[in-house]
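Heads up: the sequence shown begins at 50 in the working numbering, then just goes up one per residue. From the three backbone atoms N, C-alpha and C, an ideal C-beta is built for every residue, glycine too.
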Amino acid sequence: MMRWFLAIVTFVFTGSVAATDMSVDQAMSRLLKDIKDVEVMRVPVPATPQRGVLTGKQTLPDTIRTGGTHRVRRGETLDMVIRKVAPNSPLQRDLLRKAFVRANPHAFRRNNPNWMYAGVVLRVPDIDDLRRVVFKDTPGSLKKNVSNEKAGWVRYP
Numbered sequence: 050m051m052r053w054f055l056a057i058v059t060f061v062f063t064g065s066v067a068a069t070d071m072s073v074d075q076a077m078s079r080l081l082k083d084i085k086d087v088e089v090m091r092v093p094v095p096a097t098p099q100r101g102v103l104t105g106k107q108t109l110p111d112t113i114r115t116g117g118t119h120r121v122r123r124g125e126t127l128d129m130v131i132r133k134v135a136p137n138s139p140l141q142r143d144l145l146r147k148a149f150v151r152a153n154p155h156a157f158r159r160n161n162p163n164w165m166y167a168g169v170v171l172r173v174p175d176i177d178d179l180r181r182v183v184f185k186d187t188p189g190s191l192k193k194n195v196s197n198e199k200a201g202w203v204r205y206p
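See below:
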């Protein structure tokens with residue numbers, strides 16, 4: 050949006066009419082008109098919700114079977130489980146691995162996705178589990194940074 054704004058401002062002030070010939074009111078009205086034109090060019094949002102799109106009830110795309118479980122067989126890896134549970138997921142595998150580990154700490158030795166126990170029942174992570182992976186729940190570390198805001202300053206003699 051900022052690039053469009055800068056492009057419009059540049060066009061307004063360097064366009065066919067010089068900025069010195071225009072009054073401030075004319076320039077502002079032209080700028081607002083150009084911004085409205087840019088808003089019209091945006092892609093319209095469909096009125097009916099599509100499959101796999103977040104709506105009032107938040108769900109993951111149809112490619113992920115949430116709310117289910119999976120029993121780990123001997124020799125099975127977490128990536129194999131992810132391919133079975135979310136075969137065409139647009140999400141990155143690393144993000145899904147972290148979500149599985151966080152949703153099932155009992156199934157992984159030392160929270161390592163490469164050390165999964167056989168015979169364990171895995172819970173398929175839902176949207177809240179993925180949010181916790183993406184947006185880390187660390188309010189304590191944020192308070193620590195705020196209370197010690199001058200710690201990173203460089204001191205000169």
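Practice prompt. Could you name the residues of the same chain whose beta carbon sits closer than 8 angstroms to that of residue 123, not counting the 5 residues immediately before and after it, in chain order?
Written response: Hits under 8 angstroms: 167, 168.
Discussion item. Please return the same chain residues whose Cβ sits closer than 6 angstroms to the Cβ of residue 131, not counting the five positions on each side in sequence.
Written reply: Around residue 131: 145.
Item to complete: Would you kindly report the start and end of the unbroken alpha helix (DSSP H) that includes residue 127?
Response: Element bounds for residue 127: 127–134.
Practice prompt. Within the region 156–187, note down every full alpha helix (DSSP H) run reaching 4 residues or more, in order along the chain.
Written response: Within the region 156–187, the complete alpha helix (DSSP H) runs of at least 4 residues are 176–183.
Worksheet entry | residue 178 beta carbon less than 8 angstroms from that of residue 152 | The answer is yes: Cβ separation under 8 angstroms.
Practice prompt. Express the C-alpha separation of residue 142 and residue 175 in angstroms, rounding to a whole number.
Written response: For residue 175 and residue 142, the distance between alpha carbons rounds to 15 angstroms.
Discussion item. Considering Cα atoms alone, identify which of 149, 125, 75 is closest to residue 180.
Written reply: Taking only the C-alpha atoms, the option nearest residue 180 is 149.
Discussion item. Along the chain, where does the alpha helix (DSSP H) containing residue 146 start, and where does it finish?
Written reply: Residue 146 -> alpha helix (DSSP H) spans 142–152.
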